Amino acid sequence: MGIINPAMVPMLKSMDLPYSNNSSFSHLNLLVHKRNFEEMVLELLIKFTQTLISIASFILTITMIYNLIIFIIGCKRKRIAESRSIKLKKISLIIPVKDEINSLPLIFESLKYIIYPKNLLEVIFVISKNSKQCIEACKEFSRENGGWIKVLVDEGKGKPSALNLGLRHANGDIIGVFDVDSILPKDILLKVSEVFLNEGIIAIQGVTKSYNENKNFLSKLASIEEKAYFTLFLKPRSNLSLFLPFTGSCLFIKKDFLLKIGGWSETALAEDLEVALKLFDNGIKIKLRPEISCQHEVTSKLTPYLIQRLRWFRGYLQLLSRALKKLTTLNPHWIDISIILASPILLSLSLIIFLYSLISTNTNMPINFFKLIAWSLLIAATPAFLYLTFKLRRIRLRTILLIPAAIAYWILESFIALIALIMSLFRLKIEWIRTPKSGISELMDNE
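The sequence shown runs 594 to 1040 under the working numbering.
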């Protein structure tokens, strides 16, 4: 059936048509008005969508400018060197273990060569009761190396529960946390003890570096992201004494303060971030110490990557409401923290803008194709290039070839963030799930 132009209705009414009557023209009028109403609603929906996209674009722009300012100012500040001393602190290392038998040989080997007085060191392995092989392996390691190695068995409720059990049995002045896939440098604890000679230091975050970076494309991109995160995000924030989130491994806290804040929350999906928030809420600021570092395994398989990022993003959103409530204190630091915790929302917005740009046929839309390219490069490729430019001071052809992969990596991560956001909005439950690791086989494959 053809479409009738509304302007033709008066003309049709004036014509003496056979078999015409008033009811026919009334029906025609209803069809025309209905069509006009549908067009009006559609136009309003399009304008509303474009307005939301514009607002989202503005929010993302302001956020990136804010982070860029922090990076520029923070990178210029240099840490003042501290005087050395031979006075050493007593340190307790807590290492949660669950079904990671392949990772144990790596950390066992590195612990054997740790340069530190054994009377000032204890290593506490907290193992899930169902990980029988891990329990036996850790007990054997303890028998071979003496009383500075402790083995505890917990109910397997997750990493936060294991850390709290280890904390209750720890005797050290300083509590260190490492994942079981970590490889520790032999002098790491000497450096830690030196840092804590400064009584103003309460908590520090070390740098983690991947030992399986060259395993495949995913591990390469995850490693670049990790390097950029420490160099472009954590380092400037630490230099400016802003809020610094823990990464979950290679971190050290004075035991008294950790007990004061109640240890780790066993309901938190991002327990390391939750501890960092509690420390900040008690006036304690975490400092990044790049000279303290360890190697670890980054995810090289898609399923573990999805599990890990989904838990991270849900953990951020879980804590966002706490930060938003603190905005009533008018402390600008909580605005800064809220922006960090809202990162899954910002990633979701960037993905929505990206998809809208692809499917929209409106040439006057707020974000055209060229802006789409700019957003993609800015969000995905800039961190890697800034790191390589400022840190490595050279750009290779292979780096340029990583740009398309980096954009795909950003789309994947943004999609996971969107799923996490939807799950949070519908209050879908998610439990603390350990990220599967390959351990020594991953290291051998990378060599």
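Backbone N, C-alpha and C define an ideal beta-carbon position, used for all residues, glycine too.
The model shown is predicted, which means the values in this text are computed figures rather than measured ones.
Cβ separation of residue i and residue j, assumed to be a contact under 8 Å, to the nearest whole Å
i, j, result
"Leu944", "Phe1008", "6 Å"
"Ala1013", "Leu903", "6 Å"
"Val719", "Pro689", "5 Å"
"Gly856", "Leu917", "At roughly 24 Å, the Cβ-Cβ gap does not stay under 8 Å, so Gly856 and Leu917 are not in contact."
"Phe839", "Leu866", "7 Å"
"Lys682", "Ser786", "5 Å"
"Ile1023", "Tyr659", "With 8 Å as the limit, Ile1023 and Tyr659 do not qualify as a contact, their Cβ atoms being about 30 Å apart."
"Glu693", "Val788", "About 28 Å separates the two Cβ atoms, so there is no contact after all."
"Glu859", "Asn757", "7 Å"
"Ser735", "Val746", "In fact, because the Cβ distance is near 13 Å, the residues do not count as touching under 8 Å."
CB of residue i within 7 Å of CB of residue j, strictly
i, j, result
"Ile854", "Lys871", "yes"
"Ile885", "Leu837", "no"
"Leu934", "Leu920", "no"
"Gly908", "Leu862", "yes"
"Ile1026", "Ile928", "no"
"Pro829", "Phe664", "yes"
"Val891", "Ser842", "no"
"Lys808", "Ser893", "yes"
"Tyr706", "Lys779", "yes"
"Ile684", "Leu782", "yes"
"Leu833", "Gly667", "yes"
"Lys680", "Ser721", "no"
"Leu697", "Ala730", "yes"
Option in the options with minimal Cα separation from residue i
i, options, result
"Arg1020", "Leu1005, Gly739 and Leu910", "Leu910"
"Ile998", "Glu890, Ala863 and Ser812", "Rather than Ile, the amino acid found at residue 998 in this sequence is Ala. Of the candidates Glu890, Ala863 and Ser812, the one whose C-alpha sits nearest the C-alpha of Ala998 is Ser812."
"Asp766", "Lys1030, Pro698 and Ile795", "Ile795"
"Leu939", "Glu636, Thr656, Leu638 and Glu632", "Thr656"
"Gly876", "Val868, Glu1006 and Pro883", "Val868"
"Ile742", "Leu783, Leu790, Gly751 and Leu686", "Leu686"
"Phe947", "Gln888, His889, Ile700 and Leu1011", "Leu1011"
"Lys848", "Phe734, Asn629 and His762", "His762"
"Val770", "Ser1031, Leu851 and Trp1003", "Leu851"
"Leu881", "Ile781, Ser1031, Gln798 and Thr654", "Gln798"
"Trp1003", "Ser696, Tyr949, Pro897 and Glu818", "Glu818"
"Tyr804", "Thr654, Leu777 and Leu714", "Leu777"
"Asn712", "Lys732, Phe701 and Asn738", "Asn738"
"Glu864", "Cys727, Lys820, Ile708 and Lys750", "Lys750"
Local Cβ density within 10 Å of residue i, reported as buried at 16 or more and exposed below that
i, result
"Phe581", "It is not possible to answer for residue 581, since the shown part of the chain is limited to 594 through 1040."
"Ser941", "buried"
"Pro937", "buried"
"Thr824", "buried"
"Pro710", "exposed"
"Lys752", "buried"
"Ser914", "exposed"
"Asn791", "exposed"
"Thr1028", "buried"
"Phe826", "buried"
"Leu1018", "exposed"
"Thr801", "buried"
"Gln888", "buried"
"Lys1030", "buried"
"Ala755", "buried"
"Ala973", "Summary for Ala973: the model assigns pLDDT 48, below 50, so the residue's position carries little reliability; its value from the coordinates is reported in the next sentence. Buried, because 16 or more other Cβ atoms sit within 10 Å of the Cβ of Ala973."
"Ile930", "buried"
"Leu995", "buried"
"Phe641", "exposed"
"Lys1099", "For residue 1099 there is no data in the structure shown, the boundaries of the chain being 594 and 1040."
"Leu714", "buried"
"Ile1015", "exposed"
Item to check | Complete runs of the alpha helix (DSSP H) confined to the region 806-831 [at least 4 residues] | outcome: 810-821
Item to check | alpha helix (DSSP H) runs contained entirely in the region 657-731, provided each spans 4 or more residues | outcome: 697-705
Item to check | Continuous beta strand (DSSP E) assignments of at least 3 residues falling wholly in the region 726-798 | outcome: 742-747 and 767-770
Item to check | Length at least 4, wholly inside the region 869-935: the alpha helix (DSSP H) runs in chain order | outcome: 895-918 and 925-934
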